[in-house]
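Notes to accompany the following structure.
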Amino acid sequence: MSSQKASVRDTLQEALKALYHHPEQQVRNQANVWLQEFQRTIEAWEVSDSLLHDANSNLETLIFCSQTLKTKVQRDFEELPPATFVPLRDSLKNLLKKFCKGPSKVRTQICIALAALAMHVPAQDWGGGGVLNWLRDELGSQREYIHSFLELLTVLPQEAYSHKIAVRPERRRQFQKELISSVEVAFSLLTSCLNVEELQEQVLEAFASWLRLSHGIPAAALASHPLVLAAISGLSSEQLFESAVNAICELIHYTETGSPGGLAEQMPLVQVLVPQIMGLRNRFSASLKVALMEKQGSQGGESGVDQAYIEDEEIVKAMARLFAEMGDCYVELIASGSNESMMIIEALVEVTSHPEYDIASMTFNFWHSLQTVLTKREYYTSFGNEAAIEAEKERRLTIFRPTFELLVSLVSFRVMYPHNYERLSREDLADFKRTRYAVGDILLDASSVLSGEVTLKILSNNFFQAGSTAGNGDSWDWRSAEAALYCIRAIARAVPISEETVLPQVIGFLVKLPLQPQLLQTVVAACLTIGAYSKWLGSASGASSFLPSIIEILTRAMTTSEDSSTAAAMALRHVCDACRDKLAGSLDGLFHIYHKAVSRESGYKLSTEDALQLIEALSMVITALPPEHAKKALEALCIPAVTPLQQVIAQAARSPQQFSANQYTIPIDRLSNIFRYVSHPEAVGDAFQNIWPTLKAVFDQRAWDMQTMERLCRACKYAVRTCGKSIGVTISDMLQVVQLQYQVHHQSCFLYLSSEVIKIFGSDPSCGNYLGGLINSLFGHTISLLKSIQDFTSRPDIADDCFLLASRCIRYCPHLFVPSTIFPPLVDCSMIGITIQHREACISILTFLNDIFDVATSIGGKQYRSIIDNVILPRATSLTRILIGSLAGALPESRLEEVISVLMSMTRIYGIQVVNWAQEAISLIPSTAITDGERSSFLGALSSAASGANSPALIGSLEELSDVCRRNKTVQEIVQGALQPLRLTLTTAS
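Structure, rendered in structure tokens:
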């Protein structure tokens, strides 16, 4: 090793020492930066390799160097000369032998590196017929290193589909085929190791790994294969149990996807696996009893558990996983309801009843799948006519209803708040919420099988039982009642509005609940349950009698706590939405609540967001009023929002620095909700016209403040959307303000407000003059702000809203926009910004370009074709090059769909010309980055699109170019350096 590389080696070891042991964070950060840079150098190959071979290297050095060497092989193999392959392979093999006994982390990295090398190097170049044959020879001649070689054998199929390895897509597919064709070799190698007891666990793990590539082996042959028999035998061994379970789970998946004939062809293997899995049921049942007894003991009783019967938790989880995997894969067979199926169902019920949620939840996906198979018509089409289908469906539902009734009881207790819930950590609370959501989904699944009414009846019994002591204060089991209410609420959408037996009892009980602070969670649950069944309240006969009591309990809940206030406000919104006609006569009472709540009188605890829910609720009731009454009610609703806003404006005129954005935005948000939810266009139009001077004053005072302007523009947007043309002459004044303030303050919200105006008024001929002026003014100023990609990057919100507005103009007023003088420079501007990394802004630009091509080919847009051609054709070469550059790495892979869509749209309109433009661009990419074949494939896909073809395979060809050009950082830099999509000189229209 040269002195320079020796110096790098010393520096590397010093950096690692600093990273792991230096007391100062700054020094550790500097060491980390140096190490990351080192990994990208060409020297990293030799230095890492030498340190791995050095007997004096410590564990930290070994781990870092093995990770570095693995990453270099995965991503940077192309930077090595071809002659280095054999020395590299032999070095990795020697390292694999060196670390045969550990450290395991290092050995695993070496295995992954060798697997990556095998993907890079075709079988004919590897030697010996490919990596599997090479590995077979190594195993045969060097049995002392068998542990390392077995791990490599395990890793190879795991890496077969890895996109971390920088190979061309065609080579990745070829490697997969090489491994698939070598499955028998792999199985033979593994079988030869079975007679060594200490290797059996490793063999089973490797077998599981290879099964993912083993499609096509006949089920009968596999059923009697020694490896399958070894996996089954492993279920009787404590040491091999988990690896045996892994293998059998893969075998289950194999039977599901192993042949074109489906599960029927796999029955010889299924008939071997299922009895062996079911043979574990007694063992699982015993562990379940122990777990239930332990739970009883933890709740204050004596568990009396004999320690000799306690299973290892991981083994219990593994058994549960086997039952769950069997259920998931064979759900259609199980749904037949045969005696054998019901035995599997009983086992899955036991798993669901396990007190450990992590175990029980393994079956949740099965229950969802089972209800789908039982209730969806497409699973019964093979039974012929409708009568036969209905008869079979009813037969199956009859068989499984008792199971789903039991399921409801088994899962509903899991939503109960734990005794110590107030002391739970944030993570534990999040887990508890996820559990409740999952249980809610299971209850809905059960409702699909049982019907909403039956499920409601089961759950309501729990509620009535828990609520029977509601008057006893502290002795009431609020946790059980809250849990029952949560479950009842979870199935609300499954309960028909015609239900008239249970719901009246539940609602009647709810309105009598004591609103005590110690019962807070139950109060919240009661409010949310009322909200969930608001549609029933609005539709069921006799439900109207509950409304006064419901309004009363919700009002009282608003004064109980912040949590109950939030729940009550949300429930009131739902009730007012569903019962708007019935509550129209109670508007005075609702206004009384509203005025007290927004003024925070009488102990109301509504937050700012809760008040918006209340305004939304009243707005819905006002919508149900006749127009003449609605106008007066709307004025009353606006007063508590307008008055404080007018006061702030007046005071701020004297001392503006004393007022925060919130003092403006709170009343503006209230007006925004009013404009949004009161569906009386003329009444809202009159109200907006009256309020406009106040809103204009806010524009004048706070145009510099983004937060205030965004909320104000949103309020104006909803007013425009609700009123439409009923907004009257106020619209022209508003647009004049928008134009003037945008030129001074550059707030992007002025653009999205204008987008709404274009949507509503764009096609109105009478609005052409002032909309044309608006378009030219806004776009003209925006173009002056976005002159480079750096400008786009620093103003992504303006770029986003500008091109959203441009798309609106193409769709709603192309007669004003396309012929305008601003259209060509805006296309230039879009080309500058295509490669912006900001997701929304980038999509807006690409959508704008797509819309240009779409309007040119639409029936109504053919009149604009010549104008669009005059703008696009002089820019087409540059635009195509930018799009190909974006496809090839200038934009993230998540933008591929949008970029390809623009390319395809462009190809549909300009045909073979696009292929010529693309050929000019792609010819700039050096052959070190892409081959002639890859070039031809890409251009062939575009040619197919030009001739009218449109298929997933065609899109796949375009995506492959992206994959090739992004396969590692070096190639990506070469491609971007050749195409230079960020630095193109745009050709403007003459």
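Following my numbering, the numbering of the sequence shown begins with 1025 at its first residue and continues without gaps.
Cβ atoms here follow ideal geometry from the backbone N, Cα and C, with glycine treated the same way.
1) Leaving out five residues before and five after residue 1799 in sequence, what residues of the same chain have Cβ atoms less than 7 Å from its Cβ?
2) In the region 1182 to 1241, which residue ranges form an unbroken beta strand (DSSP E) of at least 3 residues, counting only runs that do not cross its ends?
3) Specify the secondary structure class of residue 1605 as computed by DSSP and reduced to three states.
4) When the Cα atoms are used, what is the spatial distance from residue 1986 to residue 1837?
5) Using the Cβ count rule (16 or more neighbours within 10 Å means buried), how would you classify residue 1934?
6) What does the Cβ neighbour count give for residue 1187, buried or exposed, with the cut at 16 atoms within 10 Å?
7) Please report the distance separating the alpha-carbon of residue 2014 from that of residue 1817.
8) Identify, in the order they occur along the chain, each residue of the same chain with its Cβ nearer than 7 Å to the Cβ of residue 1073, setting aside the five sequence neighbours on each side.
9) Using 8 Å as the threshold, is the C-beta distance between residue 1063 and residue 1085 below it?
10) For the alpha helix (DSSP H) that contains residue 1686, what are its first and last residues?
11) Using a Cβ-Cβ cutoff of less than 6 Å, which residues in the same chain neighbour residue 1346 once the five nearest sequence positions on both sides are dropped?
12) Sorted by chain position, which residues of the same chain lie with C-beta nearer than 7 Å to residue 1391's C-beta, five sequence neighbours on each side aside?
13) Spatial neighbours of residue 1850 within its chain, please: CB distance less than 7 Å, with the 5 preceding and 5 following residues excluded, ordered by chain position.
14) To which residues of the same chain is residue 1589 closer than 8 Å at the C-beta, ignoring the five residues directly before and after it?
15) Can you tell me the Cα-Cα spacing of residue 1461 and residue 1376, whole angstroms?
16) Within a Cβ cutoff of 6 Å, which residues of the same chain sit near residue 1700, ignoring the five residues on either side of it in sequence?
17) Measuring alpha carbon to alpha carbon, tell me which residue in 1511, 1716, 1565 and 1049 is nearest residue 1521.
18) Classify residue 1126: buried if its beta carbon has 16 or more other beta carbons within 10 angstroms, exposed otherwise.
19) May I ask which residues mark the beginning and end of the alpha helix (DSSP H) holding residue 1924?
20) Which same chain residues, not among the five before or five after residue 1037, have their C-beta less than 7 Å away from its C-beta?
21) Using a Cβ-Cβ cutoff of less than 7 Å, which residues in the same chain neighbour residue 1530 once the five nearest sequence positions on both sides are dropped?
22) Going straight from the alpha carbon of residue 1752 to that of residue 1835, what length do you get?
23) Thinking just about the alpha-carbon of each residue, which of 1231, 1032, 1509 and 1546 is nearest to the one in residue 1556?
24) Assign residue 1404 to one of two classes, buried (16 or more other C-beta atoms within 10 Å of its C-beta) or exposed (fewer than that).
25) Can you confirm whether the region 1949 to 1959 touches the region 1983 to 2003 when touching is taken to mean that 3 or more C-beta pairs between the two stretches lie within less than 8 Å?
26) Return the Cβ separation of residue 1464 and residue 1514 in integer angstroms, given the expectation that the two are a contact with Cβ distance under 8 Å.
27) Is residue 1564 helix, strand or coil when you go by DSSP?
28) Quick one: measure Cβ to Cβ for residue 1311 and residue 1335, integer angstroms, because I've assumed they're closer than 8 Å.
29) Closest Cβ-Cβ distance between residue 1193 and chain C: below 8 Å?
30) Can you have a look at residue 1607 and say buried or exposed, based on whether 16 or more other CB atoms are within 10 angstroms of its CB?
31) DSSP state of residue 1124, grouped into three classes?
32) Keeping to the same chain, check which residues put their C-beta closer than 7 Å to that of residue 1369; ignore five residues upstream and five downstream.
33) Out of curiosity, what's the CA-to-CA distance linking residue 1553 and residue 1574?
34) Can you tell me the Cα-Cα spacing of residue 1141 and residue 1950, whole angstroms?
On the basis of the data shown:
1) By one-based count along the sequence shown, residue 1799 stands at place 775. Closer than 7 Å at the Cβ level, and outside the excluded window around residue 1799, lie 1833, 1840, 1841, 1844 and 1846.
2) none
3) Counted from its first residue, the sequence shown places residue 1605 at position 581. Secondary structure of residue 1605 (DSSP, three-state): helix.
4) Against the sequence shown, residue 1986 aligns to sequence position 962. Against the sequence shown, residue 1837 aligns to sequence position 813. Each residue's Cα considered, the two are about 36 Å apart.
5) As a working note, residue 1934 is residue 910 in the sequence shown. Buried, by the Cβ-count rule.
6) Sequence index remark: in the sequence shown, residue 1187 carries index 163 (1-based). Under this definition residue 1187 is an exposed residue.
7) Taking the sequence shown and counting its residues from 1, one reaches residue 2014 at position 990. Taking the sequence shown and counting its residues from 1, one reaches residue 1817 at position 793. Residue confidence for residue 2014 is low, a pLDDT of 30 falling below 50, so the modelled location carries little weight; the figure read from the coordinates is stated next. Going by the C-alpha atoms only, they are around 29 Å apart.
8) Within the sequence shown, numbered from 1, the residue matching residue 1073 stands at position 49. The answer, listed in chain order, is 1093 and 1115.
9) For the purposes of this step, residue 1063 is taken as the residue at position 39 of the sequence shown. For the purposes of this step, residue 1085 is taken as the residue at position 61 of the sequence shown. No.
10) The residue you call residue 1686 lines up with position 662 of the sequence shown. Taken as a continuous stretch (DSSP letters only), the alpha helix (DSSP H) holding residue 1686 covers 1685 to 1701.
11) The residue labelled residue 1346 in the question sits at position 322 within the sequence shown. The residues are 1269 and 1301.
12) Looking up residue 1391 in the sequence shown gives position 367. Spatial neighbours of residue 1391 in its own chain (CB-CB distance under 7 Å, excluding positions within 5 residues in sequence) are listed in chain order as 1431, 1466 and 1469.
13) The residue labelled residue 1850 in the question sits at position 826 within the sequence shown. Closer than 7 Å at the Cβ level, and outside the excluded window around residue 1850, lie 1803, 1807 and 1830.
14) For the purposes of this step, residue 1589 is identified with residue 565 of the sequence shown, where counting begins at 1. Contacts found: 1581, 1582, 1583, 1628, 1629, 1630, 1631 and 1634.
15) For the purposes of this step, residue 1461 is taken as residue 437 along the sequence shown, with counting starting at 1. For the purposes of this step, residue 1376 is taken as residue 352 along the sequence shown, with counting starting at 1. Answer to the nearest angstrom: the Cα atoms are 16 Å apart.
16) For this step, residue 1700 is matched to residue 676 along the sequence shown. The residues are 1742.
17) As a position in the sequence shown, residue 1521 is number 497, starting the count at 1. Of the candidates 1511, 1716, 1565 and 1049, the one whose C-alpha sits nearest the C-alpha of residue 1521 is 1565.
18) Start at 1 with the first residue of the sequence shown, and residue 1126 comes out as number 102. Result: exposed.
19) As a working note, residue 1924 is residue 900 in the sequence shown. Start and end: 1920 to 1934.
20) Taking the sequence shown and counting its residues from 1, the one referred to as residue 1037 is at position 13. So the qualifying residues of the chain are 1085.
21) Here residue 1530 refers to the residue found at position 506 of the sequence shown. Around residue 1530: 1484, 1487 and 1512.
22) Numbered from its first residue, the sequence shown carries residue 1752 at position 728. Numbered from its first residue, the sequence shown carries residue 1835 at position 811. Taken atom to atom, the span from the alpha-carbon of residue 1752 to that of residue 1835 is near 23 Å.
23) To locate residue 1556, count along the sequence shown from 1; it is residue 532. When the alpha-carbon of residue 1556 is set against those of 1231, 1032, 1509 and 1546, the nearest one is in 1509.
24) The sequence position of residue 1404 within the sequence shown is 380, counting from 1. With 16 or more Cβ atoms within 10 Å of its Cβ, residue 1404 is classed as buried.
25) yes
26) Taking the sequence shown and counting its residues from 1, one reaches residue 1464 at position 440. Taking the sequence shown and counting its residues from 1, one reaches residue 1514 at position 490. With 8 Å as the limit, residue 1464 and residue 1514 qualify as a contact, their Cβ atoms being about 3 Å apart.
27) To locate residue 1564, count along the sequence shown from 1; it is residue 540. Residue 1564 falls in the coil class under three-state DSSP.
28) To locate residue 1311, count along the sequence shown from 1; it is residue 287. To locate residue 1335, count along the sequence shown from 1; it is residue 311. The pair is a contact, with the Cβ atoms about 4 Å apart (cut-off 8 Å).
29) You won't find chain C in this structure, because it holds only one protein chain.
30) Looking up residue 1607 in the sequence shown gives position 583. Flag for residue 1607 reads buried.
31) Taking the first residue of the sequence shown as 1, we reach residue 1124 at position 100. Here residue 1124 sits in coil by DSSP.
32) Translated into the one-based positions of the sequence shown, residue 1369 becomes position 345. Same-chain partners within the cutoff: 1358 and 1427.
33) Counted from its first residue, the sequence shown places residue 1553 at position 529. Counted from its first residue, the sequence shown places residue 1574 at position 550. Roughly 11 Å between the two C-alpha positions.
34) The residue you call residue 1141 lines up with position 117 of the sequence shown. The residue you call residue 1950 lines up with position 926 of the sequence shown. Cα-Cα distance, rounded: 24 Å.
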